[in-house]
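Undergrad:
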Ligand code: URA
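Shown next as structure tokens:
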């Protein structure tokens with residue numbers, strides 16, 4: 007295990023030791039920490055695991071995950087190059103929305119994950135993860151717009167996108183999400199150029 011993987015394992019262990027969201031932990035099968043490249047430049051952050059994710063312990067592998075995969079492919083981004091996680095790491099019963107206190111409880115562990123992975127870009131999927139990075143913003147007003155923030159020790163660019171599950175069942179949202187998604191490679195290139203200049 008490399009150093010980053012060891013640090014990420016420690017975060018998982020701490021969530022269990024600190025008994026985070028014990029009610030969710032009781033009904034969930036797995037703690038779904040995240041999956042992908044620990045050296046990723048882009049991290050995608052969803053809401054919470056669903057049924058398939060809970061059963062297999064991996065994020066975004068059900069219908070919303072398949073849609074995410076197809077958008078990644080169209081944008082020319084390999085899933086194996088990015089890291090994918092959620093703000094809440096246990097499945098809420100019957101896929102209900104995560105409660106504010108559940109998001110709050112998991113937030114410090116998400117910040118630690120980002121500190122370890124140290125991506126350049128965080129793509130939030132849906133308002134549940136967006137509202138922690140861009141408090142007070144409305145997703146309908148800011149979707150697709152790269153926004154620099156400071157988080158802990160790091161500078162990050164947040165790109166808020168609609169949630170693939172919401173877009174799956176809403177044709178106009180789906181078109182907006184597809185359009186925003188296809189702009190990600192350009193955003194990555196522009197940021198890389200800006201970094202070179204510094
Ligand atoms: N929806 C999410 O927000 N996360 C998952 O992992 C799966 C579906």
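Residue numbers (my numbering): 7 to 204.
Glycine included, every Cβ here is placed at the ideal spot set by N, Cα and C.
Going by DSSP, name the residue or residues bridged to residue 161.
TA: DSSP lists 156 as partners of residue 161.
Undergrad: What are the start and end residues of the beta strand (DSSP E) that includes residue 50?
TA: Start and end: 48-52.
Undergrad: Provide the residue span of the beta strand (DSSP E) that contains residue 127, from first to last.
TA: It spans 127-131 - the beta strand (DSSP E) in which residue 127 sits, taken as one unbroken run.
Undergrad: Counting along the chain, where does the alpha helix (DSSP H) carrying residue 22 start and finish?
TA: Where residue 22 is concerned, the enclosing alpha helix (DSSP H) stretches over 9-23.
Undergrad: Classify residue 35 as helix, strand or coil using the three-state DSSP reduction.
TA: If DSSP states are grouped into helix, strand and coil, residue 35 belongs with coil.
Undergrad: If you follow the alpha helix (DSSP H) that residue 93 is part of, which residue opens it and which one closes it?
TA: First-last for residue 93: undefined, no H or E at that position.
Undergrad: Listed in chain order, which residues are found with a beta carbon closer than 7 Å to a heavy atom of ligand 2?
TA: Among the ligands in the structure shown, ligand 2 does not appear; only ligand 1 can be found there.
Undergrad: Please name the residue or residues paired with residue 167 in a DSSP beta bridge.
TA: In DSSP, residue 167 forms a bridge with 131.
Undergrad: Taking C-alpha atoms, which residue in 86, 47, 95 and 20 lies nearest to residue 29?
TA: Among 86, 47, 95 and 20, the Cα nearest to that of residue 29 belongs to 95.
Undergrad: Under the three-state reduction of DSSP, which class applies to residue 42: helix, strand or coil?
TA: Reduced to three states, the DSSP call for residue 42 is strand.
Undergrad: Taking only the alpha-carbon atoms, compute the straight-line gap between residue 182 and residue 84 and give it to the nearest angstrom.
TA: Using only the alpha carbons, I get a separation of about 21 Å.
Undergrad: Since residue 174 and residue 70 should fall inside the 8 Å C-beta cutoff, what is the C-beta to C-beta distance between them, to a whole number of angstroms?
TA: About 6 Å; that satisfies the 8 Å criterion.
Undergrad: Check each candidate in 8, 203, 39 and 198 and name the one with the smallest Cα separation from residue 113.
TA: Looking at the Cα atoms, 39 is the closest of the given residues.
Undergrad: Taking contact to mean 3 or more Cβ pairs, one atom from each stretch, closer than 8 Å, check whether the region 93-112 and the region 30-49 are in contact.
TA: A contact exists between the region 93-112 and the region 30-49.
Undergrad: How is the alpha helix (DSSP H) around residue 191 delimited, first residue to last?
TA: First-last of the alpha helix (DSSP H) with residue 191: 190-203.
Undergrad: Express the C-alpha separation of residue 131 and residue 50 in angstroms, rounding to a whole number.
TA: In a straight line, the C-alpha of residue 50 is about 7 Å away from that of residue 131.
Undergrad: With a threshold of 16 other CB atoms inside 10 Å of the CB of residue 86, please say whether the residue is buried or exposed.
TA: Result: exposed.
Undergrad: Does the distance from the C-beta atom of residue 65 to that of residue 92 stay below 8 Å?
TA: Contact flag set, yes.
Undergrad: Buried or exposed, going by whether 16 or more other CB atoms sit within 10 Å of the CB of residue 198?
TA: It is exposed - the Cβ of residue 198 has fewer than 16 other Cβ atoms within 10 Å.
Undergrad: Taking the alpha-carbon of residue 18 as reference, which of 82, 122 and 67 has the nearest alpha-carbon?
TA: When each option's Cα is compared against that of residue 18, the closest is 122.
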